[in-house]
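Numbering (full-length UniProt numbering), first residue to last: 1 to 361.
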């Protein structure tokens with residue numbers, strides 16, 4: 001996308017997707033943000049009609065055609081665009097005819113006729129929501145750790161008293177009661193530790209994110225019925241990342257097990273990886289972020305739980321502790337990342353965003 005006297009790197013650094021189309025709506029140029037949005041390289045898009053890369057987006061395509069026909073800019077807001085992989089986006093779109101196309105009806109098909117700007121407004125809404133969510137997480141962790149301190153002190157005293165009592169008792173049946181007290185005190189202490197998250201620093205090392213996903217995939221397949229299928233859709237070009245291998249396994253495992261429970265052992269889970277450029281997490285814009293998706297075709301997260309799905313002790317199952325997703329969120333946050341959930345009946349996607357820069361530069 002070059003123009004005399006204009007530095008094309010400006011378009012390359014935009015977070016807005018920008019592309020040009022010819023009169024037949026074939027792609028003639030696209031910037032890196034556009035490649036990220038469509039999840040496909042420019043080499044595979046150039047010369048192909050834009051309709052090959054979107055599904056169920058009739059109103060968007062019609063806006064392109066109307067702009068070319070009327071030779072006048074058209075803006076549509078809040079329009080939906082589904083990608084072939086199933087990802088649904090909500091966009092604001094401005095389609096601007098390029099100068100001179102009114103006289104270019106017989107121009108070569110590669111001549112750009114339309115400049116298209118696509119802004120992902122669901123991402124903007126997510127950034128606002130996630131900024132608030134990160135603040136709530138920090139406040140919740142502070143409250144929980146203060147509460148944990150108040151709970152663990154009497155638990156320690158209770159366990160110590162039970163140990164002393166056990167030494168004084170000669171009746172073996174009565175000693176069994178002290179064992180119950182100590183076991184329950186230990187169980188509650190472990191529960192509190194899980195609620196407050198790990199306090200030790202991360203043991204970072206360079207790793208391939210797919211190694212984490214494969215470890216979890218094999219583990220879950222070994223512990224679940226044959227009716228469960230776990231498919232892979234990996235981007236082999238992803239760079240390695242610095243992270244705590246064991247904790248990232250725990251985070252992904254908690255999310256995948258949550259999907260298995262939602263499917264009740266029968267259905268399909270898809271593990272998907274992609275890269276995103278220029279993603280903002282909290283108040284920091286990251287040059288490159290690795291995205292890991294865990295998708296299932298289960299019934300979806302209940303509407304009354306979706307806004308609180310990462311809160312501790314929130315669960316839709318009678319036998320659940322409500323800690324798995326909260327722990328996963330805490331681990332991802334320790335990696336300066338983000339985890340979010342998008343759910344509707346038949347398709348639930350948990351997405352983990354892990355910055356490549358490690359939050360330091």
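We put the beta carbon where it would ideally sit given N, CA and C, even for glycine.
Keep in mind the model is a prediction, meaning the values are calculated, not measured.
*DSSP-derived helix/strand/coil call for residue 286*: Position 286 of the chain shown, counted from the first residue, corresponds to residue 286. Residue state, collapsed to three classes: strand.
*In whole angstroms, what separates the C-alpha of residue 241 from that of residue 175?*
As a position in the chain shown, residue 241 is number 241, starting the count at 1. As a position in the chain shown, residue 175 is number 175, starting the count at 1. Residue 175 has its alpha-carbon roughly 52 Å from the corresponding atom of residue 241.
*Three-state secondary structure (DSSP) at residue 365?*
The structure shown has nothing for residue 365, since the chain only spans 1 to 361.
*Go through the stretch 34-120 residue by residue and report every complete run of the beta strand (DSSP E) that reaches 3 residues or more, in order.*
Qualifying beta strand (DSSP E) stretches, in chain order: 74-82, 88-97, 114-120.
*Length at least 4, wholly inside the stretch 233-270: the alpha helix (DSSP H) runs in chain order*: Fully enclosed alpha helix (DSSP H) runs of 4 or longer: 245-263.
*What's the C-alpha gap between residue 282 and residue 357?*
Numbered from 1 along the chain shown, position 282 holds the residue referred to as residue 282. Numbered from 1 along the chain shown, position 357 holds the residue referred to as residue 357. Between residue 282 and residue 357, the C-alpha separation is close to 15 Å.
*Just grab the DSSP bridge partners of residue 343 for me.*
Taking the chain shown and counting its residues from 1, the one referred to as residue 343 is at position 343. Answer is 348.
*Flag this pair as touching only if the stretch 340-355 and the stretch 294-302 have three or more C-beta atom pairs under 8 Å; answer yes or no.*
The answer is yes - the stretch 294-302 touches the stretch 340-355, with three or more Cβ pairs under 8 Å.
*Taking all protein chains shown into account, decide if residue 157 is buried (16 or more other Cβ within 10 angstroms of its Cβ) or exposed.*
Within the chain shown, residue 157 is the residue found at index 157, counting from 1. Sixteen is the threshold: since fewer than 16 other Cβ atoms of the shown chains lie within 10 Å of the Cβ of residue 157, the residue is exposed.
*List the residues that DSSP assigns as beta-bridge partners of residue 159.*
For this step, residue 159 is matched to residue 159 along the chain shown. Bridge partners of residue 159: none, in fact.
*In angstroms with no decimal places, state the Cα-to-Cα distance between residue 232 and residue 171.*
If you number the chain shown from 1, residue 232 lands on position 232. If you number the chain shown from 1, residue 171 lands on position 171. About 58 Å.
*Consult DSSP for residue 12 and reduce its assignment to one of helix, strand or coil.*
Translated into the one-based positions of the chain shown, residue 12 becomes position 12. Assignment of residue 12 by DSSP, reduced to helix, strand and coil, places it in the helix class.
*Have a look at residue 103 and residue 43 and give me their C-alpha separation to the nearest angstrom.*
For this step, residue 103 is matched to residue 103 along the chain shown. For this step, residue 43 is matched to residue 43 along the chain shown. With a pLDDT of 39 at residue 103, under the threshold of 50, the predicted position of this residue should be treated as unreliable, though the coordinate-derived value follows. Those two C-alpha atoms are separated by around 29 Å.
*So what does DSSP say about residue 154, is it helix, strand or coil?*
Locating residue 154 in the chain shown gives position 154, where the first residue counts as 1. Residue 154 falls in the helix class under three-state DSSP.
*Mark residue 47 as exposed unless 16 or more other C-beta atoms lie within 10 angstroms of its C-beta, in which case mark it buried.*
Translated into positions along the chain shown, residue 47 becomes position 47. It counts as exposed.
*Is residue 174 helix, strand or coil by DSSP?*
In the chain shown, counting from the first residue as 1, residue 174 sits at position 174. Of the three classes helix, strand and coil, the one that applies to residue 174 here is helix, per DSSP.
*Selection from 236, 18, 193, 290 that minimises the alpha carbon distance to residue 96*: Working through the chain shown from its first residue, we reach residue 96 at position 96. Residue 96 has its Cα closest to that of 18, out of 236, 18, 193, 290.
*alpha helix (DSSP H) containing residue 333: first to last residue?*
Position 333 of the chain shown holds residue 333. That run of the alpha helix (DSSP H) goes 324-334.
*Residue nearest to residue 270 in terms of C-alpha spacing, selected from 277, 257, 276, 279*: Counted from its first residue, the chain shown places residue 270 at position 270. Among 277, 257, 276, 279, the Cα nearest to that of residue 270 belongs to 257.
*Please confirm whether residue 121 and residue 90 have their CB atoms less than 7 Å apart.*
Start at 1 with the first residue of the chain shown, and residue 121 comes out as number 121. Start at 1 with the first residue of the chain shown, and residue 90 comes out as number 90. Yes, they are a contact pair.
*Exposed unless 16 or more other CB atoms sit within 10 angstroms - verdict on residue 22*: Looking up residue 22 in the chain shown gives position 22. Residue 22 should be labelled buried.
*Distance, Cα to Cα, residue 344 vs residue 300?*
Position 344 of the chain shown, counted from the first residue, corresponds to residue 344. Position 300 of the chain shown, counted from the first residue, corresponds to residue 300. So the two alpha carbons sit approximately 5 Å from each other.
*Report all residues from its chain with a CB closer than 6 Å to the CB of residue 75; omit the five preceding and five following residues, and keep chain order.*
By 1-based counting over the chain shown, the position of residue 75 is 75. Counting only Cβ-Cβ distances below 6 Å, and skipping sequence neighbours, we find 94.
*Whole-angstrom Cβ separation of residue 212 and residue 252, contact assumed at under 8 Å?*
In the chain shown, counting from the first residue as 1, residue 212 sits at position 212. In the chain shown, counting from the first residue as 1, residue 252 sits at position 252. The Cβ separation is near 6 Å, so the contact holds.
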